[in-house]
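Heads up, the thing below is written out as structure tokens.
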Amino acid sequence: MKSKLILAVIGFFAIYFSFAQSLDHAPLKAHHLRTEYLTNPKGITVTNPRFSWLIEGNGRNRSQLAYQILVSSSKKKLEEDQGNIWDSGKVSSHDTNQVVFAGDDLISNTDYFWKVKIWDESNQESEWSEPAHWSMGLLNFSDWHGQFISHDVGYDTTDKYDSLYLPPARYLRKSFQITKKVKRATVYSTALGLYELRLNGEKVGDDYFAPGWTDYNERLYYQTHDITNSIKQGDNAIGAVIADGWYAGYLGYALLVRLDKVREFYGVNPSFMGQLHIQYEDGTEEVLATDSTWKSNEGPIREADILMGEKYDARLEHSGWDTPGYDDQDWKTPKVYTYPDGKLEAHPGSLIKNIERLKPVKMTEPEPGTYVFDLGKNFAGIAELKVEGPAGTEVRLRFGEILKRDGNIQTENLRLARATDTYILKGEGVEVWQPKFTYHGFQYVEVTGYPGKPSLDAITGIVLSSIKTDASAFKTSNEMNNTLYENIKTTQAANFFDIPTDCPQRDERLGWTGDAQTYMRSATYNADVSAFMTKFLVDLDDAQRWYGAYPNFAPFPYSRPNQYSPAWMDAGIIIPYNMYKVYNDKRILEFMYKGMEKFMEFQADASTDFIRPGGGNNWGDWLAVDEETSKGYIGASFYGYDAKLMAEIAEVLGRTQDAQKYRTLFDNIKKAFSEKYILPNGRTTEDTQTTYALALYFDLFPENLAEKGAARLAEKIEKNNFKFSTGFLGTKHVMLALSKYGYHDLTYKLFKQTEYPSWGYSVENGSTSIWERWNSYTKNDAENSDLNAKMNSFSHYAFGSVAEWMFLHAAGIDTEDGGYRNIRIKPVISKQVDFINGSYKSINGTIASSWKWQGNKVLMTVKIPVNTKAKVHIPIEKVSDLREGNKKIAKVPSIKVVASTEKEAVLEIGSGTYSFSFTYAP
Ligand code: BGC
Numbered sequence: 002m003k004s005k006l007i008l009a010v011i012g013f014f015a016i017y018f019s020f021a022q023s024l025d026h027a028p029l030k031a032h033h034l035r036t037e038y039l040t041n042p043k044g045i046t047v048t049n050p051r052f053s054w055l056i057e058g059n060g061r062n063r064s065q066l067a068y069q070i071l072v073s074s075s076k077k078k079l080e081e082d083q084g085n086i087w088d089s090g091k092v093s094s095h096d097t098n099q100v101v102f103a104g105d106d107l108i109s110n111t112d113y114f115w116k117v118k119i120w121d122e123s124n125q126e127s128e129w130s131e132p133a134h135w136s137m138g139l140l141n142f143s144d145w146h147g148q149f150i151s152h153d154v155g156y157d158t159t160d161k162y163d164s165l166y167l168p169p170a171r172y173l174r175k176s177f178q179i180t181k182k183v184k185r186a187t188v189y190s191t192a193l194g195l196y197e198l199r200l201n202g203e204k205v206g207d208d209y210f211a212p213g214w215t216d217y218n219e220r221l222y223y224q225t226h227d228i229t230n231s232i233k234q235g236d237n238a239i240g241a242v243i244a245d246g247w248y249a250g251y252l253g254y255a256l257l258v259r260l261d262k263v264r265e266f267y268g269v270n271p272s273f274m275g276q277l278h279i280q281y282e283d284g285t286e287e288v289l290a291t292d293s294t295w296k297s298n299e300g301p302i303r304e305a306d307i308l309m310g311e312k313y314d315a316r317l318e319h320s321g322w323d324t325p326g327y328d329d330q331d332w333k334t335p336k337v338y339t340y341p342d343g344k345l346e347a348h349p350g351s352l353i354k355n356i357e358r359l360k361p362v363k364m365t366e367p368e369p370g371t372y373v374f375d376l377g378k379n380f381a382g383i384a385e386l387k388v389e390g391p392a393g394t395e396v397r398l399r400f401g402e403i404l405k406r407d408g409n410i411q412t413e414n415l416r417l418a419r420a421t422d423t424y425i426l427k428g429e430g431v432e433v434w435q436p437k438f439t440y441h442g443f444q445y446v447e448v449t450g451y452p453g454k455p456s457l458d459a460i461t462g463i464v465l466s467s468i469k470t471d472a473s474a475f476k477t478s479n480e481m482n483n484t485l486y487e488n489i490k491t492t493q494a495a496n497f498f499d500i501p502t503d504c505p506q507r508d509e510r511l512g513w514t515g516d517a518q519t520y521m522r523s524a525t526y527n528a529d530v531s532a533f534m535t536k537f538l539v540d541l542d543d544a545q546r547w548y549g550a551y552p553n554f555a556p557f558p559y560s561r562p563n564q565y566s567p568a569w570m571d572a573g574i575i576i577p578y579n580m581y582k583v584y585n586d587k588r589i590l591e592f593m594y595k596g597m598e599k600f601m602e603f604q605a606d607a608s609t610d611f612i613r614p615g616g617g618n619n620w621g622d623w624l625a626v627d628e629e630t631s632k633g634y635i636g637a638s639f640y641g642y643d644a645k646l647m648a649e650i651a652e653v654l655g656r657t658q659d660a661q662k663y664r665t666l667f668d669n670i671k672k673a674f675s676e677k678y679i680l681p682n683g684r685t686t687e688d689t690q691t692t693y694a695l696a697l698y699f700d701l702f703p704e705n706l707a708e709k710g711a712a713r714l715a716e717k718i719e720k721n722n723f724k725f726s727t728g729f730l731g732t733k734h735v736m737l738a739l740s741k742y743g744y745h746d747l748t749y750k751l752f753k754q755t756e757y758p759s760w761g762y763s764v765e766n767g768s769t770s771i772w773e774r775w776n777s778y779t780k781n782d783a784e785n786s787d788l789n790a791k792m793n794s795f796s797h798y799a800f801g802s803v804a805e806w807m808f809l810h811a812a813g814i815d816t817e818d819g820g821y822r823n824i825r826i827k828p829v830i831s832k833q834v835d836f837i838n839g840s841y842k843s844i845n846g847t848i849a850s851s852w853k854w855q856g857n858k859v860l861m862t863v864k865i866p867v868n869t870k871a872k873v874h875i876p877i878e879k880v881s882d883l884r885e886g887n888k889k890i891a892k893v894p895s896i897k898v899v900a901s902t903e904k905e906a907v908l909e910i911g912s913g914t915y916s917f918s919f920t921y922a923p
């Protein structure tokens, strides 16, 4: 009896283990297929698109040995496994991204379908993935038949400096008939200006601010929409509403500083161009393009400007204008414009969408009839208004980031951005309205003129952004830092608005390059910015000055000479470098390479004995407090950093000679730099926090003095009561340099600091966002009333660049090569916090790294995605003390110890989840 029972138990375990084994070895699964970084994109113009996928799989050390991709011309062919456009065959490769299509020539206005299968480490074949698709846009100039059309609204010649010129939006429409069965209908559209496309009474697509901001003289992006299901048999109507936008409206600070132009930087009249391609079931095709047979008019949108706001008079609505059967007899013939000089291309980035709807958390009435809605956080977007009342009632919305003492919104910091929306009621029941062509940076909406007392749902916050900040998670025991992380993401979303803007509220909103470069790596942790930054790099490349410098912001609409600055212009190298590092993107390096070389020549030219001077309009360590780092120092150090990155970039591109050239240049710069700026005692000549941070992080300290330099930086921070004296450039580098040299407790003290200047100071003051200045706001309003009236944004992502340190060091998630295939897990462990939990969705899958104290021991959990390897750095004295689960490390076959010193053991692991416990060796 007993032996039977034992046998049964053994049998059970045998079955259990073999089941567990087979689970471990179940074939891998490819999912999340993307083309050119986008999921099922429509109308791309890249003729050799790149594919990527992620892999799921149980167990440890799983990897992809080979893949096969099929690309078909129809869904059906793909289902039947016919790769008639491309069958890659079984390709032995670990690659899961940047895999370049190598099939037949791709054809304009055509759909493609693809799938992938993979083989695992033991050559087990997976199932085919779910199908993905993309379509090619219009590839040739001869494909375009549309004309650029608009409605003539006249032109106001009054002085543009002292009164605003805000022309009405233009409306365009066309009725058309469909009499045969439609197989595929696609609409291609763009505008010089902004447009919203309408079909049969509805908005086409869900994006805002199309076609996006480019240097319209260089290129103009178009959008592609599949409208097969929205088109009807019989009568149809298509229409567009267009407004000035970036093309013709007020831009940046031009009005504030009274530039030679204040608006109309690219052109005066916004115009629209589009065409509908209809393929019928019977094999025939038809193209319906914009031309003078369309009809045009003005309408209810009386003013529409990005900075100034929108005015809508609902009494002037042309009811049903975008639906079939509308009588457009009294509409006019549109004005036809010539084609712009710029190329027509598909938007390569991610378009602006409504990513969240916010309900107000509170409404107050600081003055009779003035209602202030609090939307709970400081974001970019618009307010949707719900109202009921008599026709002609004028409701005005104004926007603010903070409140004044008296409860009214503060608008002084918007400078000359009027940021006011007006809605005039038609008086027909409940009216719901959203502006189309303006946006604001705000938390509070002031409503005046409302008929009666509004209820809380009279306002809804429409959050707009080009990105979703869902690529990472971060949690620690110090609650303030968790709020800080949320604030960083909120502010990134608010400013990743077709381009990375400095701020979303005042008369600026420009793609400042210094902000973008300093924040680039942080941006990648918080969101997938691969497509977004691809687009911005085109803007940056287009904006490069003829003499080689990258400008202060891109796109660069102003005709001002010498608009470049050290640490701003370096974005031209730092951003592409990070695109490689994070997304393994070599194509973008190739694309930028010529420009980068030219930029290096420009710098060499300006330098004397390898020291690049301050030059340009140099802002130094912008908004630093208490200490000033010289502009020369900033210029010289960034030149060194550029040379170092260029050497790596050239190497990655296989340009060995160039790599050697830039390595030599770096050595020369380093020598000259240390002779000029570093003293024999390891101090810098200027002795500011920023000088140490930059030189240490950029490797410009002579090797024998670096430890001393780091010690001096640490000493200075301690003497400054664990607070910064740094600005946009120094701040993140202080954190990175301290971590590089092992000052772990110190980094956490800075991270947790709540006294001014610190991140915690803004959180303690109730901020939901990242401020432009360390002291943007104090509870004592008198102290900063002057500041508020000037340059003071409460939504400026630059100081959020600590996210880089949070993931790179606190959680310790980094990549050794391009694109996280060889991962480094090296968290900075300190008694300053109880735990850190971090995770990041890399281009190779989700990486997680957490650690926590358990008495004097540390418990560390690491998750590594399939098809990657990681080196895990564990601060421990003796490897023999290290345990994985409850096993000694030597007993775990899936883990290799690759190095060990008295301070650290380095383990090599493959995919899977691991938990280590050990006694910490500081
Ligand atoms: C912007 C900054 C920018 C700076 C240059 C400011 O007006 O808001 O973010 O980098 O100018 O100094």
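Residue numbers for the sequence shown follow my numbering, beginning at 2 and rising by one.
Ideal placement from N, C-alpha and C gives every residue a C-beta, glycine not left out.
query: Mind checking Ala651: buried by the 16 CB within 10 Å criterion, or exposed?
result: buried
field: Endpoints, the alpha helix (DSSP H) within which His745 is located
entry: His745 to Lys753
query: Which residues share a DSSP beta bridge with Met861?
result: Trp852 and Phe917
- request: Would you list, in sequence order, the uninterrupted beta strand (DSSP E) runs of no fewer than 3 residues that lie entirely inside the stretch 75-156?
  value: 111-121, 133-137 and 149-151
message: Using a 10 Å radius around the Cβ and a threshold of 16 neighbouring Cβ atoms, would you call Trp295 buried or exposed?
response: buried
message: the ligand BGC and Ala418: does any heavy atom of the ligand fall closer than 7 Å to the residue's C-beta?
response: no
Below 5 Å from a heavy atom of the ligand BGC - residues by beta-carbon: Asp503, Trp513, Gly515, Asp516, Trp620 and Trp623
- prompt: Is it true that the CB of Thr914 sits closer than 8 Å to the CB of Lys864?
  reply: yes
task: Mind checking who Ile353 pairs with in its DSSP beta bridge?
output: Tyr209
query: Buried or exposed: Arg259, going by 16 or more other Cβ atoms within 10 Å of its Cβ?
result: exposed
message: By alpha-carbon positions, which one of Phe674, Ser631 and Ala605 ends up nearest to Lys662?
response: Ala605
- request: Going by CA-CA distance only, name the one from Leu352, Thr609 and His278 that's closest to Thr40.
  value: Leu352
- request: List the endpoints of the continuous alpha helix (DSSP H) containing Arg522.
  value: Thr514 to Asn527
Secondary structure of Ser23, DSSP reduced to three states: Confidence is the limiting factor: at Ser23 the pLDDT is only 45, short of 50, which leaves the residue's position unreliable, though a coordinate-based value still follows. If DSSP states are grouped into helix, strand and coil, Ser23 belongs with the helices.
task: Would you decide whether Glu719 is buried or exposed? Buried here means 16 or more other CB atoms lie within 10 Å of its CB.
output: exposed
- prompt: Cα separation between Pro866 and Trp87?
  reply: 28 Å
Spatial distance of Ile179 from Thr334 (CA atoms): 23 Å
- prompt: Applying the criterion that 16 or more other CB atoms from any shown protein chain within 10 Å of the CB defines a buried residue, is Tyr581 buried or exposed?
  reply: buried
Beta strand (DSSP E) segment containing Lys30, residue limits: Lys30 to Thr36
Gln22, buried or exposed, once every other Cβ within 10 Å from all chains shown has been counted against 16: Residue placement at Gln22 is flagged as unreliable, the pLDDT there being 45, under the threshold of 50; a coordinate-derived value is accordingly withheld.
query: Which class does Ala15 belong to by DSSP, given the choice of helix, strand or coil?
result: Here Ala15 scores only 45 on pLDDT, less than 50, and its place in the model should not be relied on; the value that follows carries that caveat. Looking at Ala15 - three-state DSSP - the assignment turns out to be helix.
field: Separation of Tyr762 from Ile635, as counted between CA atoms
entry: 27 Å
field: Range covered by the alpha helix (DSSP H) that runs through Asn298
entry: Unbroken run through Asn298 is the beta strand (DSSP E), Lys296 to Glu299; no alpha helix (DSSP H).
query: On the three-pair Cβ rule with 8 Å, is the stretch 415-433 touching the stretch 341-359?
result: no
query: Roughly how many angstroms lie between the CA atoms of Thr648 and Val829, to the nearest whole one?
result: Inspection of the sequence shows that residue 648 is occupied by Ala rather than by Thr. Their Cα atoms are separated by approximately 29 Å.
task: Measuring alpha carbon to alpha carbon, tell me which of Ile826, Gly820, Tyr821 and Gln855 ends up nearest Asp835.
output: Gln855
message: Across the stretch 746-758 and the stretch 454-468, are there enough close Cβ pairs to call them in contact, namely three or more that are closer than 8 Å?
response: no
message: I'd like the list of long-range same chain contacts for Asp105, defined as Cβ closer than 8 Å, with 5 residues on each side in sequence excluded.
response: Ile86 and Trp87
message: Just to confirm, is the Cβ distance from Gly246 to Pro271 under 8 Å?
response: yes
- request: For Ser456, count neighbouring Cβ atoms within 10 angstroms of its own Cβ and tell me buried if that reaches 16, exposed if not.
  value: exposed
message: If we require 3 or more residues per run, which beta strand (DSSP E) segments fall completely within the stretch 229-313?
response: 235-244, 272-281, 286-290, 296-299 and 302-306
Straight-line Cα distance separating Asn483 from His810: 16 Å
Closest residue to Ser843 among Leu289, Ala472, Lys888 and Leu737 (Cα-Cα distance): Ala472
- request: Using a threshold of 8 Å, state whether the C-beta atoms of Leu541 and Trp760 are closer than that.
  value: no
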